[in-house]
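Protein chains in written order, with this note's numbering: chain Z, 0 to 224; chain U, 0 to 224.
What follows is a short report on a single structure.
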């Protein structure tokens, strides 16, 4: 039980989801948690600012220490609870190298997903250009094809090979997000197989975004990727 | 000696510099290395593509394994060579948490530096807006003030406290880059003191960008921050 931990989170946010998956994998259930609403801008509430001065979710605290950055929190949890739950950094040198490589490439992947999915939300109306959205769309298509290729070649069911690692913890939420936003399963069969096979993993099932369960209808911002 | 390692790098690139600092800290001198030219687009050469299909620098190989992502390579080196050179992940829980937090906040810092310093380079002429550059400049100013505040409060000379850690390895190059691009030392005295004090650290001195040594004149894209 993890009564000395607090997580403030928002539904459907890949950064929040990463930390929740890591907590499940390390058998750290029972932490104090509170679901906040992005719609109501609760990430800017004093409760969040007390932990995360950036006013972003997740806000995560373990005892007196704070790690709000999702990649940082996942690495911290693995490091502090090495012998508890599932081991998330493989000993095998090759798998470990691939894990680190994919984890950080995953940041580029998610950035490119966001550059398309959130274009109108991020760019003020007077600054929008069809040429920019077209370029972002092409960049994302190239990126998604790269990952489809990775999964064709990887020897195992997971991003770094035969074990579920921090690469899956950190990158899976972004991939799920892409399908939620309309990425075509038929066009990317390996990515779709990876996405679907991990849906049933206990850590992922237990933390599936509640708003996605309530409203399974996907959006279509990525349908042309 | 690290004869089984190869690093292809570009001068003045914070991602390349991170890996070079980590290699020095872990006493992994003597690796095969080659300085390539961004001006000549050598990052798109076959030599790079053979290691890094993204056509980006750094391209880093250890024996048969590849880790091109700079954060990934630094973590990989620390993990593979735990007992060699300087320990870059502190045992102390508080310092470790702060290290992970600052490492990943450092990505936001560098993104915001790049959004200003490279604005004209990244955004095609017909898509540029004064309002966007102004917003990026304001966001960077807020970010830099945040880090100045962090350094006022941190108990020690380094980003995570009393030890030089992966936070310094990964974030220092971006801070040096900001001063190189005209950030005002007088306006941010704590950041300037941190920047200047680490210039003499052997791992940083040995890897200082050669083009910065040849041409110490700074650019001024960040002078108004």
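Note that the Cβ used here is the ideal one computed from N, Cα and C, for glycine as well.
Partner residues on chain U for residue i, Cβ-Cβ distance less than 7 Å
i                      : result
residue 93 of chain Z  : 64
residue 126 of chain Z : 128, 130 and 131
8 Å Cβ cutoff, residue i in contact with chain Z
i                      : result
residue 74 of chain U  : yes
residue 155 of chain U : no
Within chain Z, partners of residue i - CB distance below 8 Å
i                     : result
residue 67 of chain U : 100
Three-state secondary structure assigned by DSSP to residue i
i                      : result
residue 119 of chain U : helix
residue 210 of chain Z : helix
residue 5 of chain U   : strand
residue 135 of chain U : helix
residue 197 of chain Z : helix
residue 63 of chain Z  : coil
residue 35 of chain Z  : strand
residue 220 of chain U : coil
residue 11 of chain U  : coil
residue 58 of chain Z  : strand
residue 125 of chain U : helix
residue 105 of chain U : helix
residue 163 of chain Z : coil
residue 157 of chain U : strand
residue 145 of chain Z : helix
residue 28 of chain U  : coil
residue 188 of chain Z : helix
residue 44 of chain U  : coil
residue 78 of chain U  : helix
residue 68 of chain U  : coil
Contact belief for residue i with residue j at Cβ below 8 Å, rounded distance in angstroms
i                      : j                      : result
residue 25 of chain U  : residue 106 of chain U : At roughly 22 Å, the Cβ-Cβ gap does not stay under 8 Å, so residue 25 of chain U and residue 106 of chain U are not in contact.
residue 7 of chain Z   : residue 56 of chain Z  : 6 Å
residue 160 of chain U : residue 94 of chain U  : 5 Å
residue 96 of chain Z  : residue 66 of chain U  : 5 Å
residue 190 of chain U : residue 146 of chain U : 6 Å
residue 109 of chain Z : residue 27 of chain Z  : Rounded, the Cβ-Cβ distance is 24 Å, inconsistent with contact.
residue 62 of chain U  : residue 210 of chain U : Wrong, their Cβ atoms sit about 30 Å apart, outside the cutoff.
residue 118 of chain Z : residue 135 of chain Z : 6 Å
Contact check, residue i vs residue j, beta carbons under 8 Å
i                      : j                      : result
residue 85 of chain Z  : residue 163 of chain Z : yes
residue 13 of chain Z  : residue 172 of chain Z : yes
residue 73 of chain Z  : residue 169 of chain Z : yes
residue 39 of chain U  : residue 4 of chain U   : no
residue 139 of chain Z : residue 115 of chain Z : yes
residue 177 of chain U : residue 221 of chain U : yes
residue 23 of chain U  : residue 201 of chain U : yes
residue 88 of chain U  : residue 98 of chain U  : yes
8 Å Cβ cut-off: residues of chain U touching residue i
i                     : result
residue 79 of chain Z : 92 and 95
Beta carbon proximity, residue i to chain U, threshold 8 Å
i                     : result
residue 71 of chain Z : yes
Residues that residue i contacts on chain Z, provided the C-beta gap is smaller than 7 Å
i                      : result
residue 103 of chain U : 68, 70 and 71
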